[in-house]
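Residue numbers (the numbering used here): 1212 to 1429.
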(Lines of atoms letter the chains of each structure in order from A and count residues from 1; the text may use other names and numbers.)
(Lines give C-alpha, C1' and ligand atoms only; values in the text may rest on other atoms or scores of the structure.)
Protein backbone atom coordinates (compact mmCIF):
# COMPACT_ATOMS: atom_id res chain seq x y z
CA UNK A 1 0.00 0.00 0.00
CA UNK A 2 1.44 3.35 -1.03
CA UNK A 3 1.69 6.20 1.47
CA UNK A 4 -1.02 8.12 -0.39
CA UNK A 5 -3.47 5.21 -0.22
CA UNK A 6 -2.68 4.70 3.46
CA UNK A 7 -3.26 8.39 4.12
CA UNK A 8 -6.68 8.38 2.43
CA UNK A 9 -7.63 5.19 4.23
CA UNK A 10 -6.88 6.84 7.57
CA UNK A 11 -8.86 9.94 6.58
CA UNK A 12 -11.80 7.77 5.50
CA UNK A 13 -11.83 5.95 8.83
CA UNK A 14 -11.64 9.23 10.76
CA UNK A 15 -14.58 10.66 8.80
CA UNK A 16 -16.60 7.48 9.23
CA UNK A 17 -16.06 7.26 12.98
CA UNK A 18 -16.71 10.99 13.37
CA UNK A 19 -20.01 10.64 11.50
CA UNK A 20 -21.05 7.68 13.63
CA UNK A 21 -20.13 9.59 16.80
CA UNK A 22 -22.10 12.63 15.65
CA UNK A 23 -25.22 10.57 14.91
CA UNK A 24 -24.97 8.87 18.29
CA UNK A 25 -24.60 12.21 20.07
CA UNK A 26 -27.56 13.73 18.23
CA UNK A 27 -29.66 10.68 19.07
CA UNK A 28 -28.69 10.83 22.74
CA UNK A 29 -29.59 14.51 22.93
CA UNK A 30 -33.00 13.86 21.39
CA UNK A 31 -33.58 10.97 23.79
CA UNK A 32 -32.70 13.22 26.73
CA UNK A 33 -35.10 15.92 25.56
CA UNK A 34 -37.88 13.33 25.15
CA UNK A 35 -37.30 11.86 28.61
CA UNK A 36 -37.29 15.36 30.14
CA UNK A 37 -40.67 16.14 28.56
CA UNK A 38 -42.67 13.06 29.55
CA UNK A 39 -43.65 14.03 33.12
CA UNK A 40 -44.52 17.55 31.93
CA UNK A 41 -46.95 16.52 29.17
CA UNK A 42 -50.69 16.43 29.89
CA UNK A 43 -54.13 16.17 28.36
CA UNK A 44 -56.02 19.51 28.46
CA UNK A 45 -58.36 18.41 31.25
CA UNK A 46 -55.48 17.15 33.43
CA UNK A 47 -52.85 19.86 33.02
CA UNK A 48 -52.16 22.06 36.08
CA UNK A 49 -53.45 25.61 35.84
CA UNK A 50 -51.15 28.43 34.77
CA UNK A 51 -51.64 32.14 34.09
CA UNK A 52 -50.78 31.88 30.39
CA UNK A 53 -50.86 29.47 27.47
CA UNK A 54 -47.98 30.05 25.06
CA UNK A 55 -49.13 29.23 21.53
CA UNK A 56 -46.18 28.73 19.18
CA UNK A 57 -46.39 29.92 15.59
CA UNK A 58 -46.46 27.77 12.46
CA UNK A 59 -47.16 28.19 8.76
CA UNK A 60 -50.01 30.19 7.23
CA UNK A 61 -52.15 29.48 4.21
CA UNK A 62 -51.72 31.65 1.13
CA UNK A 63 -54.66 33.79 2.20
CA UNK A 64 -52.97 34.55 5.54
CA UNK A 65 -55.15 32.27 7.67
CA UNK A 66 -53.61 29.65 9.97
CA UNK A 67 -52.53 26.41 8.32
CA UNK A 68 -53.77 23.10 9.70
CA UNK A 69 -50.91 22.80 12.21
CA UNK A 70 -51.37 26.32 13.54
CA UNK A 71 -55.17 25.99 13.61
CA UNK A 72 -54.85 22.94 15.84
CA UNK A 73 -52.58 24.85 18.23
CA UNK A 74 -55.02 27.75 18.52
CA UNK A 75 -57.95 25.37 19.04
CA UNK A 76 -56.10 23.53 21.81
CA UNK A 77 -55.22 26.82 23.50
CA UNK A 78 -58.84 28.00 23.28
CA UNK A 79 -59.92 24.73 24.90
CA UNK A 80 -57.53 25.41 27.79
CA UNK A 81 -58.99 28.89 28.14
CA UNK A 82 -62.59 27.67 28.28
CA UNK A 83 -61.63 24.89 30.71
CA UNK A 84 -60.33 27.60 33.05
CA UNK A 85 -56.76 26.30 32.86
CA UNK A 86 -55.33 29.65 31.75
CA UNK A 87 -56.28 33.33 31.95
CA UNK A 88 -54.47 34.61 28.87
CA UNK A 89 -53.26 33.31 25.51
CA UNK A 90 -49.84 34.50 24.32
CA UNK A 91 -49.68 34.11 20.55
CA UNK A 92 -45.99 34.04 19.60
CA UNK A 93 -44.94 33.84 15.98
CA UNK A 94 -43.22 35.37 12.98
CA UNK A 95 -44.14 38.81 11.70
CA UNK A 96 -40.90 39.53 9.87
CA UNK A 97 -42.70 41.26 6.99
CA UNK A 98 -45.94 43.15 6.47
CA UNK A 99 -47.17 40.30 4.29
CA UNK A 100 -46.68 37.54 6.88
CA UNK A 101 -48.26 37.79 10.30
CA UNK A 102 -48.61 34.59 12.34
CA UNK A 103 -49.65 36.28 15.63
CA UNK A 104 -52.35 38.30 13.88
CA UNK A 105 -53.72 35.20 12.18
CA UNK A 106 -53.74 33.33 15.49
CA UNK A 107 -55.57 36.19 17.18
CA UNK A 108 -58.26 36.32 14.49
CA UNK A 109 -58.84 32.59 14.70
CA UNK A 110 -58.99 32.64 18.51
CA UNK A 111 -61.55 35.45 18.32
CA UNK A 112 -63.65 33.35 15.95
CA UNK A 113 -63.57 30.57 18.55
CA UNK A 114 -64.96 32.92 21.20
CA UNK A 115 -61.84 33.94 23.11
CA UNK A 116 -62.21 37.58 24.27
CA UNK A 117 -59.78 40.01 22.67
CA UNK A 118 -58.66 41.35 26.06
CA UNK A 119 -57.31 37.91 26.95
CA UNK A 120 -55.16 37.56 23.83
CA UNK A 121 -51.58 38.88 23.84
CA UNK A 122 -49.44 39.03 20.70
CA UNK A 123 -45.69 38.48 20.42
CA UNK A 124 -44.59 39.53 16.94
CA UNK A 125 -40.94 38.46 17.36
CA UNK A 126 -41.33 34.75 18.08
CA UNK A 127 -39.44 33.68 14.98
CA UNK A 128 -38.07 30.54 16.62
CA UNK A 129 -39.16 28.42 19.58
CA UNK A 130 -36.03 29.65 21.38
CA UNK A 131 -37.12 33.26 20.82
CA UNK A 132 -40.69 32.62 21.97
CA UNK A 133 -39.61 31.05 25.26
CA UNK A 134 -36.89 33.66 25.88
CA UNK A 135 -39.26 36.55 25.25
CA UNK A 136 -42.03 34.99 27.35
CA UNK A 137 -39.74 35.42 30.34
CA UNK A 138 -37.80 38.58 29.50
CA UNK A 139 -40.45 40.67 27.74
CA UNK A 140 -43.78 39.39 29.06
CA UNK A 141 -42.65 38.55 32.60
CA UNK A 142 -44.00 35.00 32.63
CA UNK A 143 -42.64 32.51 35.15
CA UNK A 144 -45.28 29.79 34.69
CA UNK A 145 -47.10 28.72 31.53
CA UNK A 146 -48.61 25.94 29.47
CA UNK A 147 -46.98 25.58 26.05
CA UNK A 148 -49.22 24.38 23.23
CA UNK A 149 -47.88 22.64 20.14
CA UNK A 150 -47.81 19.28 18.37
CA UNK A 151 -46.31 16.14 19.94
CA UNK A 152 -43.25 16.16 17.67
CA UNK A 153 -42.40 19.73 18.73
CA UNK A 154 -43.48 19.71 22.37
CA UNK A 155 -40.35 18.10 23.93
CA UNK A 156 -38.10 20.80 22.47
CA UNK A 157 -40.50 23.58 23.49
CA UNK A 158 -40.66 22.25 27.06
CA UNK A 159 -36.87 22.00 27.23
CA UNK A 160 -36.37 25.57 26.01
CA UNK A 161 -38.97 27.19 28.26
CA UNK A 162 -37.63 25.29 31.28
CA UNK A 163 -34.11 26.38 30.33
CA UNK A 164 -35.23 30.00 30.75
CA UNK A 165 -36.48 29.22 34.27
CA UNK A 166 -40.16 29.13 33.37
CA UNK A 167 -42.25 26.52 35.14
CA UNK A 168 -43.71 24.87 32.06
CA UNK A 169 -46.31 22.23 31.32
CA UNK A 170 -47.16 20.95 27.86
CA UNK A 171 -50.36 20.13 26.00
CA UNK A 172 -50.31 18.51 22.57
CA UNK A 173 -52.41 19.89 19.74
CA UNK A 174 -52.32 16.88 17.43
CA UNK A 175 -54.95 15.94 14.88
CA UNK A 176 -55.21 12.67 12.97
CA UNK A 177 -55.64 14.43 9.62
CA UNK A 178 -52.00 15.40 8.97
CA UNK A 179 -50.29 14.21 5.83
CA UNK A 180 -48.33 11.13 6.90
CA UNK A 181 -45.24 12.07 4.90
CA UNK A 182 -45.18 15.54 6.45
CA UNK A 183 -45.63 14.12 9.93
CA UNK A 184 -42.70 11.71 9.52
CA UNK A 185 -40.57 14.58 8.21
CA UNK A 186 -41.46 16.75 11.23
CA UNK A 187 -40.45 14.00 13.66
CA UNK A 188 -37.14 13.39 11.85
CA UNK A 189 -36.40 17.12 11.67
CA UNK A 190 -36.89 17.41 15.43
CA UNK A 191 -33.97 15.02 16.02
CA UNK A 192 -31.56 17.64 14.70
CA UNK A 193 -33.59 20.60 16.01
CA UNK A 194 -33.28 19.26 19.56
CA UNK A 195 -29.48 19.30 19.28
CA UNK A 196 -29.59 22.85 17.94
CA UNK A 197 -31.78 23.87 20.90
CA UNK A 198 -29.35 22.36 23.42
CA UNK A 199 -26.45 24.09 21.66
CA UNK A 200 -28.30 27.42 21.71
CA UNK A 201 -28.94 27.17 25.45
CA UNK A 202 -25.52 26.02 26.59
CA UNK A 203 -23.10 27.23 23.89
CA UNK A 204 -24.29 29.75 21.29
CA UNK A 205 -26.78 31.62 23.51
CA UNK A 206 -28.16 33.87 20.73
CA UNK A 207 -30.10 36.91 21.88
CA UNK A 208 -33.52 37.31 20.26
CA UNK A 209 -35.12 40.60 19.34
CA UNK A 210 -35.97 42.23 22.66
CA UNK A 211 -37.30 45.69 23.47
CA UNK A 212 -39.17 47.24 26.36
CA UNK A 213 -40.77 44.87 28.89
CA UNK A 214 -44.51 44.35 28.35
CA UNK A 215 -45.61 42.35 31.41
CA UNK A 216 -48.91 40.56 30.88
CA UNK A 217 -49.71 40.88 34.57
CA UNK A 218 -48.27 44.26 35.71
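C-beta: ideal position from N, C-alpha, C; glycine also.
What distance in whole Å lies between the Cβ atoms of residue 1304 and residue 1337, which are believed to be in contact at a cut-off of 8 Å?
5 Å
By the DSSP assignment, the beta strand (DSSP E) with residue 1322 in it spans what residues?
Careful: residue 1322 lies outside any beta strand (DSSP E), inside the alpha helix (DSSP H) at 1313-1323.
Need the endpoints of the beta strand (DSSP E) that residue 1371 sits in, please.
Segment 1365-1374 is the alpha helix (DSSP H) holding residue 1371; no beta strand (DSSP E) there.
With 16 other CB atoms within 10 Å as the buried threshold, where does residue 1415 fall?
exposed
Given this structure, state the Cα-to-Cα distance separating residue 1300 from residue 1321, to the nearest angstrom.
9 Å
Quick check on residue 1308: does DSSP put it in helix, strand or coil?
strand
Thinking C-beta only, is residue 1244 closer than 8 Å to residue 1375?
no
Any idea what DSSP makes of residue 1362, helix, strand or coil?
coil
Find out if the Cβ-Cβ distance for the pair residue 1427, residue 1326 is shorter than 8 Å.
no
Here's the rule I'm using: 16 or more other beta-carbon atoms within 10 Å means buried, otherwise exposed. How should residue 1266 be labelled?
buried
Where the beta strand (DSSP E) containing residue 1409 begins and where it ends:
Where residue 1409 is concerned, there is no enclosing beta strand (DSSP E), although the alpha helix (DSSP H) it sits in stretches over 1391-1410.
Judging by CA-CA distance, which residue of 1260, 1249, 1284 is the nearest neighbour of residue 1386?
1284
Considering only C-alpha positions, which residue in the set 1362, 1407, 1412 is nearest to residue 1397?
1362
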